[in-house]
Structure formats: C-alpha cells, structure tokens
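Numbering-wise, my numbering comes out as the position in the sequence shown, counting from 1, plus 128. To start, the structure itself, in structure tokens.
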Amino acid sequence: MSAPLSPAWQVLLSSRRMPCTPPDRKTVLLVDAENINGEGMVFEAYRSIERVHGPISQFVAFGAGTHLQHLNKAQRQLGLELVETPYARKNQADYALMRFAQRLVNRSAPGVLALASADTDFFPLSDRLRAIGIRMVCIGRSATLSKHAKCHFDECIGLDNSRMSLPQIKDKVIAILDCLYELKEHPVHLTQAVRELRKWRILPKSSAGAAALQDVLHAFEIAGDADGQQQALRWRSTASDG
C-alpha cells in the first residue's frame with residue numbers, strides 16, 4: 129500500500145486547473161511570517177527581490193496575529209497585505225500561502241513568484257509552478273536555508289540579519305523616502321533621521337551626522353530646524369514647494 133500524501137501535496141492537488149494564460153512579467157512576493165519573523169528581515173526580503181526582479185506587484189504575509197503584529201511599518205510603507213491564520217493549528221500559515229499561490233496562478237500567473245521562507249514544505253509547490261513556466265525564488269535566513277532548496281527553486285537568496293546588504297546609491301533616495309515617509313511633509317531632525325536609517329540598514333552602522341548623507345545631497349538638504357536649534361534633514365522637493 130502506498131504512503132499517504134503529505135499535507136503540502138494534498139493542498140496542491142486540491143486544485144488541478146492550470147493557468148489559462150502564460151505567465152506575465154509581474155513579480156509577487158509571499159512571506160511565511162512564522163518562518164521569516166522580524167520586520168528587518170521582511171524589509172530586506174522585499175529589497176532583495178525588488179533589486180533583482182524589479183517592482184513587486186503583490187506583497188503578502190501569512191501568519192498568526194503574534195507574528196503579524198510587528199509588520200506595521202512594512203504594511204504602511206511597502207503595501208504589505210496581512211493574512212492572519214489560526215495560531216493554535218500547526219502549519220496553517222503554510223497552507224494559506226499555498227492556497228493563495230494556487231488561486232493567483234489560476235487567475236493570472238506571475239512571471240516571478242518569490243517565497244520568503246526556508247520551510248521545505250514549499251518544495252512541492254515550487255516544483256509544480258516551475259513546471260508551468262513560473263520562475264520560482266526562495267529567500268530565507270542563510271542559517272536555516274536547506275542545501276536542497278537549489279534543486280527546487282530557480283534562485284535562492286540567503287538573508288543574514290547581521291550583515292544585510294545596503295541599497296545601491298541610485299536606490300538610496302527611494303529607500304530613505306520609504307523609511308522616513310514624513311520627509312514628504314516636513315523636515316526630520318538629522319540625528320533622528322540617521323538613527324532610523326541605520327536601524328533599517330539604509331546607512332551603515334558606522335555612519336553619523338551629515339557626513340552619512342553626502343552621496344544623496346542632490347535630493348536632500350541639511351539645514352537648521354524651525355527653532356534654529358538643531359540640524360534637520362529636508363527633502364528638496366518639499367523645500368522648493370515652501
């Protein structure tokens with residue numbers, strides 16, 4: 129007698145309909161928030177995929193409320209959608225992600241589907257979607273990413289929280305405005321701005337003061353704040369409007 133199918137295969141085989149149209153060029157990033165937890169990792173996963181594959185058309189995280197509650201910044205700044213799953217039941221986030229991916233493919237298959245998770249339960253899903261022409265990308269913590277992942281994905285990206293890659297200079301202005309969204313409305317104290325940009329690995333940890341922003345002063349300026357007491361960082365677009 130043959131062995132029973134794993135839960136992952138049961139979910140995949142529950143919908144056999146193949147996509148009616150070939151994959152388009154859009155890029156989708158789905159996050160297993162119970163495996164990639166911590167907002168810094170989620171931001172870095174987004175940056176890594178965007179850097180290689182261009183704009184992300186859909187960005188969704190799956191997990192229990194305890195794992196999603198720390199993703200407010202990614203939700204606000206990157207348009208992250210949150211799908212909450214029951215906490216008490218094992219692997220519910222995995223199953224929700226797989227069902228979502230299958231519905232997405234049946235409706236309008238993306239050109240690139242990136243899964244932010246080091247969970248081996250997604251190997252069957254990746255194998256099936258690769259077979260119908262979708263480029264599958266796995267992105268996860270370097271320490272937990274399976275050595276077998278390369279056999280099931282077209283591309284594997286390892287994340288290391290201690291040395292996340294910094295954005296390229298040409299992308300730094302966008303990254304700064306994403307991180308300090310309030311700059312679009314008013315200046316931000318320089319010390320506060322640099323502290324926040326270091327926290328999100330947009331500036332290196334060794335950076336400090338105005339010198340840290342020398343390469344982006346074509347887009348920003350540093351001047352005294354309204355009280356003339358402290359230096360403030362201002363987006364030049366806001367300065368010209370004023």
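Even for Gly, the Cβ is constructed at its ideal location relative to N, Cα and C.
Give me the Cα-Cα distance between residue i and residue j, rounded to the nearest whole angstrom.
{"i": "R231", "j": "H276", "result": "26 Å"}
{"i": "S290", "j": "V240", "result": "Here S290 scores only 47 on pLDDT, less than 50, and its place in the model is too uncertain to base an answer on."}
{"i": "P315", "j": "L341", "result": "15 Å"}
{"i": "D255", "j": "I262", "result": "10 Å"}
{"i": "L318", "j": "K333", "result": "15 Å"}
{"i": "K300", "j": "H181", "result": "17 Å"}
{"i": "V344", "j": "Q186", "result": "29 Å"}
{"i": "K278", "j": "I285", "result": "10 Å"}
{"i": "N219", "j": "R323", "result": "37 Å"}
{"i": "R258", "j": "F251", "result": "11 Å"}
{"i": "V211", "j": "F228", "result": "10 Å"}
{"i": "G168", "j": "R235", "result": "31 Å"}
Let me confirm a value: residue i is counted as buried when at least 16 other C-beta atoms fall within 10 Å, else exposed. Which label applies?
{"i": "S176", "result": "buried"}
{"i": "N200", "result": "exposed"}
{"i": "R362", "result": "buried"}
{"i": "E310", "result": "exposed"}
{"i": "G191", "result": "buried"}
Along the chain, where does the beta strand (DSSP E) containing residue i start, and where does it finish?
{"i": "Q359", "result": "Q359 to W363"}
{"i": "V240", "result": "V240 to A244"}
{"i": "A237", "result": "Per DSSP, A237 belongs to no beta strand (DSSP E) and is neither H nor E."}
{"i": "A351", "result": "F348 to G352"}
Margin query: Going residue by residue through the region 254–342, where are the continuous beta strand (DSSP E) segments of at least 3 residues, counting only ones entirely within it?
Written below: Listed in chain order, they are 263–269 and 283–287.
Check: What are the uninterrupted segments assigned as alpha helix (DSSP H) that are 4 or more residues long and contained completely in the region 144–215, given in chain order?
Finding: For the region 144–215, whole alpha helix (DSSP H) runs of length 4 or above, ordered along the chain, are 167–181, 193–196 and 200–206.
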